[in-house]
Structures are given as C-alpha cells and as structure tokens.
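J.:
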Amino acid sequence: MQELLFYIFSALTLICGFLVVANPFTRNPVTSAMFLVLTIVSMAGLFVLLNAFFLAAVQVMVYAGAVIVLFLFVIMLLDVKEVERQHYNLFGVVLGLLGLLSVGGMLIKAILASGVGKDLHPHMEGTTKDLGMKLFTDYVLPFEIMGVLLLVGMIGVILLSKKNLR
Amino acid sequence: MIGLEQYLIVSALLFSLGMMGVILRRNLIVIYMGLELMLNAANLALVSFSRFTDTIDGQVMVFFVITVAAAEVAVGLALIVALYRKRQTTEVGDLTSLKL
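Chains A and B supply the protein sequences, listed in that same order. Residues -3 to 162, numbered by the working numbering, are exactly what the first sequence covers, in order. Residues 7 to 106, numbered by the working numbering, are exactly what the second sequence covers, in order.
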C-alpha cells in the first residue's frame, strides 16, 4: 500500500512539476501556478508517507495557501499578456535539455553509486510534539532570528511596493 | 520496499526540473516557480534523510526553509512588480540594461 502510494505521489509530483516549467499546450503563467499547487500538494502526500505530518500541513498551508495566492496576485496585477513570443530558440532549448539531463543523470548516478540508503530503515516516528520540543530547545535562537527575518522581509516588501521608489 | 534512494531520486529529478525551468523559461514569474521547485526538492531530500537516519533535525531544517522561502517569494515578487512599473515587462530578454 505504502509503495503504491509512493509511486502515485512521486509520479504526480514529477508530472505536474514538468507541466509547471514546460507545458506543451500553453505558456500561460496562471496554468503554471495551478500545476505548482498540484506539485506541492502531492509533495505533501510524500511528506505524510515519510511520517512528517506537521510539515505536510505546513506545506499545504504556506505553499499552496500563501505563496501560490501571492503568485496569482502578482500575475493578475501585472496582467502579463503572453504575446506571440513563441519562437523557440532551438539552440537554447537543446543546450538547456542537455544541461538538465547531465545534471539529473549525475545526481542519480551519484545517489546510486554512493549506496547511501544501505541498511537504513525508516524508523523515525517524528511526531509534532518531538518537532516542537526540538524547535523550542535546541533551535530556539534560529527560531527567533526567523521571526526577525520575516519582519525584515515585510518591511522590505512594503518599501519596495511604494509608488515613488526613491 | 521503498528505500532512501527512491526518495532521493525523486528529489534529484524534481531539482533538475526546477533548474530546467530557470534555464529555459524567459518569464520572470515562471523562473520564480522553478526556484520554488528546487527549494521543494531540497526539502524532500531533507525530510527523507531525517526519516531514515532517525533524527528530527532535518524536519526542523525544512521548517526553517519553508519560512525563508515564504519571505523570499514575497520580496522577489515585490521586486518583479517594481521592475514591471519601470519597464512594463517581465521577460528577461527585455531586461538588458543595468540603468532603469
């Protein structure tokens, strides 16, 4: 059952991820954003299979909830017309695919050659309680810094979106 | 039996897909989505390492990565909007001069 779910979710993740970056039917950014939602939700399914229930919930809330809404807001705010810029730069496409295949092949070959998963078994029962304990004991300083970072990000965004940028 | 390798392979493939988006697409917003895919691939690798090595630190790391990614998306999209106000374009091919 778990294996079947793993294959379903990873296939969904990869297919939707491919449709985000290279949809053969349309080059509309809204379509890409919608497929990004599907990618992220199926990745949350993979997180559930890895017993990271809290992170799956956070993934759906933060990415599929907040980040995608932000993307859609900006796409609709800018009202980008996908004008007839359909001329593919064939040289660029071929080089990009070549680079992609070499990077992906290199990573996969390295993973398989390293034997990294040898006699490792999935036995971590990472409950939300454990995560919270770790977060508020060992990682409390990074946690606080993260709050400051979010504040800085917020101020930066407000400053950047002022009409007369000085 | 699904082992660590399978998860890492999915993660590697997703990372290369995101990289393909960054390289091939010329719309700034879609390039940003490619960056998100790459961040997500790293998250998947971290969570699977955490599950298979019996430590929860990977999940804490992913929590921080998600937070930083949210802040990064907000700032990046604000930059794109500011750029669009100046230049009326989001295509990287049109952004060839340093001067605004």
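For each residue, glycine too, the CB sits at the ideal point set by N, CA and C.
Kindly indicate if chain B contains any beta-carbon less than 8 angstroms away from that of Leu142 of chain A.
T.: Here residue 142 of chain A is taken as the residue at index 146 of the first sequence, counted from 1. The question names Leu, but residue 142 of chain A in the sequence shown is Met. Closer than 8 angstroms: yes.
J.: To the nearest whole angstrom, what separates the beta carbons of Ala77 of chain B and Gly149 of chain A, a pair I think is in contact under 8 angstroms?
T.: Here residue 77 of chain B is taken as the residue at index 71 of the second sequence, counted from 1. Here residue 149 of chain A is taken as the residue at index 153 of the first sequence, counted from 1. Contact flag correct, Cβ pair sits at about 4 angstroms.
J.: My understanding is that Ile86 of chain B touches Ile35 of chain B, with C-beta atoms under 8 angstroms, so please give their C-beta distance in whole angstroms.
T.: By 1-based counting over the second sequence, the position of residue 86 of chain B is 80. By 1-based counting over the second sequence, the position of residue 35 of chain B is 29. At roughly 7 angstroms, the Cβ-Cβ gap stays under 8 angstroms, so Ile86 of chain B and Ile35 of chain B are in contact.
J.: Cβ atoms of Val37 of chain A and Ala60 of chain A: under 8 angstroms apart, would you say?
T.: To locate residue 60 of chain A, count along the first sequence from 1; it is residue 64. To locate residue 37 of chain A, count along the first sequence from 1; it is residue 41. Contact: yes.
J.: In whole angstroms, what is the alpha-carbon distance linking Leu42 of chain A and Leu104 of chain B?
T.: Position 46 of the first sequence holds residue 42 of chain A. Position 98 of the second sequence holds residue 104 of chain B. The straight-line gap from Cα to Cα measures roughly 42 angstroms.
J.: Alpha helix (DSSP H) containing Glu121 of chain A: first to last residue?
T.: For the purposes of this step, residue 121 of chain A is taken as residue 125 along the first sequence, with counting starting at 1. Glu121 of chain A -> no alpha helix (DSSP H), and no H or E assigned at all.
J.: Residues of chain B with CB closer than 9 angstroms to the CB of Phe2 of chain A, please, in chain order.
T.: Position 6 of the first sequence, counted from the start, is the residue given in the question as residue 2 of chain A. Those are Ile8, Gln12, Tyr13, Val16, listed as they occur along chain B.
J.: Quick one: which residues of the stretch 6 to 40 of chain A get their C-beta closer than 8 angstroms to a C-beta of chain B? List them in chain order.
T.: Ser6, Thr9, Leu10, Gly13, Phe14, Val16, Val17, Ala18, Arg23, Pro25, Ser28, Ala29, Leu32, Thr35, Ile36, Met39
J.: Check whether the stretch 14 to 32 of chain B and the stretch 141 to 159 of chain A are in contact - that is, three or more C-beta pairs closer than 8 angstroms.
T.: no
J.: Does the distance from the CB of Leu43 of chain B to the CB of Gly24 of chain B come in under 8 angstroms?
T.: Within the second sequence, numbered from 1, the residue matching residue 43 of chain B stands at position 37. Within the second sequence, numbered from 1, the residue matching residue 24 of chain B stands at position 18. Yes, the Cβ-Cβ distance between Leu43 of chain B and Gly24 of chain B is below 8 angstroms.
J.: Taking Cβ positions only, does Thr73 of chain B come closer than 8 angstroms to chain A?
T.: As a working mapping, residue 73 of chain B is identified with position 67 in the second sequence. Thr73 of chain B counts as touching chain A.
J.: Give a yes or no on whether the minimum CB-CB distance between Phe67 of chain A and chain B is below 8 angstroms.
T.: The residue given as residue 67 of chain A occupies position 71 in the first sequence. It does: the Cβ of Phe67 of chain A has a partner Cβ on chain B nearer than 8 angstroms.
J.: Which class does Asn24 of chain A belong to by DSSP, given the choice of helix, strand or coil?
T.: To locate residue 24 of chain A, count along the first sequence from 1; it is residue 28. Reduced to three states, the DSSP call for Asn24 of chain A is coil.
J.: So with Cβ pairs under 8 angstroms, would you call Val87 of chain B a contact of chain A?
T.: As a working note, residue 87 of chain B is residue 81 in the second sequence. For Val87 of chain B, the answer is yes, since a Cβ of chain A falls inside 8 angstroms of its Cβ.
J.: What does DSSP give as the partner residue(s) for Asn33 of chain B in the beta ladder?
T.: Walking along the second sequence from the start, residue 33 of chain B turns up at place 27. Note: Asn33 of chain B sits in a beta bridge opposite B:Glu97.
J.: Would you mind stating whether Leu66 of chain A and Val79 of chain B have Cβ atoms separated by less than 8 angstroms?
T.: As a first step, residue 66 of chain A must be located in the first sequence, where it is residue number 70. As a first step, residue 79 of chain B must be located in the second sequence, where it is residue number 73. Contact: yes.
J.: Going along chain A in order, which residues have a C-beta closer than 7 angstroms to the C-beta of Val53 of chain B?
T.: Start at 1 with the first residue of the second sequence, and residue 53 of chain B comes out as number 47. Simply Phe43, Leu46, Ala48, Leu51.
J.: Can you grab the Cα-Cα spacing for the pair Leu97 of chain A / Thr133 of chain A, in whole Å?
T.: Walking along the first sequence from the start, residue 97 of chain A turns up at place 101. Walking along the first sequence from the start, residue 133 of chain A turns up at place 137. Their backbone Cα atoms lie some 43 angstroms apart in a straight line.
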